[in-house]
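For any residue, its number in our numbering is found by taking its place in the sequence shown, counting from 1, and adding 427. All C-beta atoms, glycine included, are put in the ideal place defined by N, C-alpha and C. None of the values given here were measured: they were computed from a predicted structure.
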Amino acid sequence: MRIGADVAPVELSRGGVTLRPLRRSDERAWHAVRARNREWLRPWEAILPPGRREAPLTYAGLVRRERKQWREGSAQPYVVTVAGEIVGRVAVAGIRWGAECGGSIGYWVDQAHAGRGVTPTAVALAADHAFAAGLHRLEIAVRPENFASLRVAEKLGFVDEGLRRSYLYIDGAWRDHRVFARTQDMPRIGRYWTQGD
428 MRIGADVAPV ELSRGGVTLR PLRRSDERAW HAVRARNREW LRPWEAILPP GRREAPLTYA
488 GLVRRERKQW REGSAQPYVV TVAGEIVGRV AVAGIRWGAE CGGSIGYWVD QAHAGRGVTP
548 TAVALAADHA FAAGLHRLEI AVRPENFASL RVAEKLGFVD EGLRRSYLYI DGAWRDHRVF
608 ARTQDMPRIG RYWTQGD
């Protein structure tokens, strides 16, 4: 495993859950899963606040951006698949190397696959790979009302570090988030982790 930037995209699997980079050939499936889960995800996904504008991103542009993030070492984005079907997303993003060697994990799962262990398995796979790539610390930020996501952080042994007020703009307002963290040296034991210490 190479340390730092220029870590090649990988495919990771455990227990029927696979993480892999988004492909150009995934366009139809990607749009379908996003459309099917629009309302399910609306209360939890960050959006641009009023007055902020970005040029629309095409699907091909999204794939190119993610490939570039892998090359630069600034993010490790994956789609989550079960039996070959795209059912969600997990990404280690905002990677900072230097003295910090940290990043943040974000994730979502198709409503039809919620509560089946897909999300904690996917997050553990992504975290294991990020730690192996040289990251020291990973954070998960969760809205306090998102009980299912809070449970994912708890199952994986991320430590609650407190509340970030007005952290992200979501669903029409600036929302508080609880922040959970793990470091590379913390034991990773339990059914979701791929590398027990």
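Contacts around residue i, its chain only, beta-carbon distance under 8 Å, and the 5 residues preceding and following it disregarded
{"i": "W457", "result": "L449, Y486, V506, I513"}
{"i": "R592", "result": "D603"}
Reduced DSSP secondary structure (H/G/I, E/B, other) of residue i
{"i": "A435", "result": "coil"}
{"i": "H556", "result": "helix"}
{"i": "F574", "result": "helix"}
{"i": "Y619", "result": "coil"}
{"i": "R469", "result": "coil"}
{"i": "D598", "result": "coil"}
{"i": "T548", "result": "helix"}
{"i": "R543", "result": "coil"}
{"i": "R609", "result": "strand"}
CB-CB length for residue i against residue j, believed under 8 Å
{"i": "L552", "j": "L446", "result": "5 Å"}
{"i": "T621", "j": "H563", "result": "Rounded, the Cβ-Cβ distance is 18 Å, inconsistent with contact."}
{"i": "A473", "j": "I597", "result": "5 Å"}
{"i": "T546", "j": "V536", "result": "5 Å"}
{"i": "S531", "j": "A541", "result": "Not really, about 21 Å apart at Cβ, beyond 8 Å."}
Nonlocal neighbours in the same chain, by C-beta distance under 6 Å from residue i, ignoring five residues either side
{"i": "T508", "result": "T445"}
{"i": "E588", "result": "V606, A608"}
{"i": "V490", "result": "L449, R451"}
Among the options, nearest to residue i - alpha-carbon criterion
{"i": "A600", "options": "P477, R461, G511", "result": "P477"}
{"i": "Y534", "options": "A557, I567, R602, G542", "result": "I567"}
{"i": "D612", "options": "R592, L590, D555", "result": "D555"}
{"i": "A539", "options": "D453, R461, R618", "result": "R461"}
{"i": "W526", "options": "G561, L595, R578, S593", "result": "Per the sequence presented here, residue 526 reads as Ala, with Trp not at that position. When only C-alpha atoms are compared, the closest one is G561."}
Strand pairing of residue i, partner residues [DSSP]
{"i": "G529", "result": "R523, R564"}
{"i": "P504", "result": "A518"}
{"i": "T445", "result": "S440, T508"}
{"i": "H604", "result": "R591"}
Neighbour flag for residue i against chain E, beta carbons, 7 Å
{"i": "P614", "result": "The structure shown contains no chain E; it holds only a single protein chain."}
Proximal residues to residue i (C-beta, below 7 Å), its chain only, five neighbours per side dropped
{"i": "A580", "result": "I567, V569, F607"}
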